[in-house]
Amino acid sequence: NEREHSQALSRASVALLFDIVPPLLRAGESVILEANFKRDRDSKALREACQIRSHIIQIVCQCPPELLQRRFRERIERGGRHLAHDDEAYLGEFSALANGTSCAPLDIRGTVIEVDTSRFSEALVDELARNVRATIDSQR
62 NEREHSQALS RASVALLFDI VPPLLRAGES VILEANFKRD RDSKALREAC
112 QIRSHIIQIV CQCPPELLQR RFRERIERGG RHLAHDDEAY LGEFSALANG
162 TSCAPLDIRG TVIEVDTSRF SEALVDELAR NVRATIDSQR
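Under the numbering used here, the letters of the sequence shown match residues 62 to 201, in that order.
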């Protein structure tokens, strides 16, 4: 089943992200992780990966479920994404997730910055950058 294969690839990709975090943090490197993390699936693994002294900033992008669903459908129509994403099969599952708590912040320590992505703009990006910089500066 293609959907099961896509989910297995997703889990493996996230697990790989979590595996590379500890050695990078031990080496004193900064780490940025980007993925469609799931609170119930990924919180524990990320807590374990970040046991090394670190400052965590979690950026949670949100918008109304109907806008999220519209964007997802438009992305499918544009095409161009790798077949491993199996977006068509994911559409029904995605609609249910968009109306639930799947986009809730992970249950990990650190600062959470929530961003309303209803309207993309340079101002939004600039404001987010200022918030992240202020958070980093306050943790030094």
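Heads up, the beta-carbon is just placed ideally off N, CA and C, and yes, glycines get one too. The model shown is predicted, which means the values in this text are computed figures rather than measured ones.
Apart from the five residues on each side of it in sequence, which residues of its chain come closer than 7 Å, Cβ to Cβ, to Pro83?
Ala110, Ile113
Out of curiosity, what's the CA-to-CA distance linking Ile118 and Thr178?
Their Cα atoms are separated by approximately 18 Å.
Roughly how many angstroms separate the alpha carbons of Ala216 and Ala195, rounded to a whole number?
A query on residue 216 cannot be resolved here, the shown segment of the chain reaching from 62 to 201 and no further.
Where do the ends of the alpha helix (DSSP H) carrying Asp198 lie?
183 to 199 is the span of the alpha helix (DSSP H), which, as asked, contains Asp198.
Short Cβ contact (8 Å threshold) for Cys122 with Val186:
no
In terms of residue numbering, what span does the beta strand (DSSP E) encompassing Val176 cover?
172 to 177
Same chain only: Cβ atoms within 6 Å of Ile174, ignoring 5 sequence neighbours per side:
Ile120, Asn192
Could you tell me the distance, in whole angstroms, from the CA atom of Arg139 to the CA atom of Arg131?
12 Å
Rounded to whole angstroms, what is the Cα-Cα separation between Arg170 and Glu63?
35 Å
Can you give me the start and stop residues for the alpha helix (DSSP H) that Ile81 sits inside?
Taken as a continuous stretch (DSSP letters only), the alpha helix (DSSP H) holding Ile81 covers 63 to 87.
Which residues in the same chain as Asp103 place their Cβ atom closer than 7 Å to its Cβ, once the five residues preceding and following it in sequence are excluded?
Here the set comprises Val75, Leu167.
Could you have a look at Gln123 and say whether DSSP puts it in helix, strand or coil?
strand
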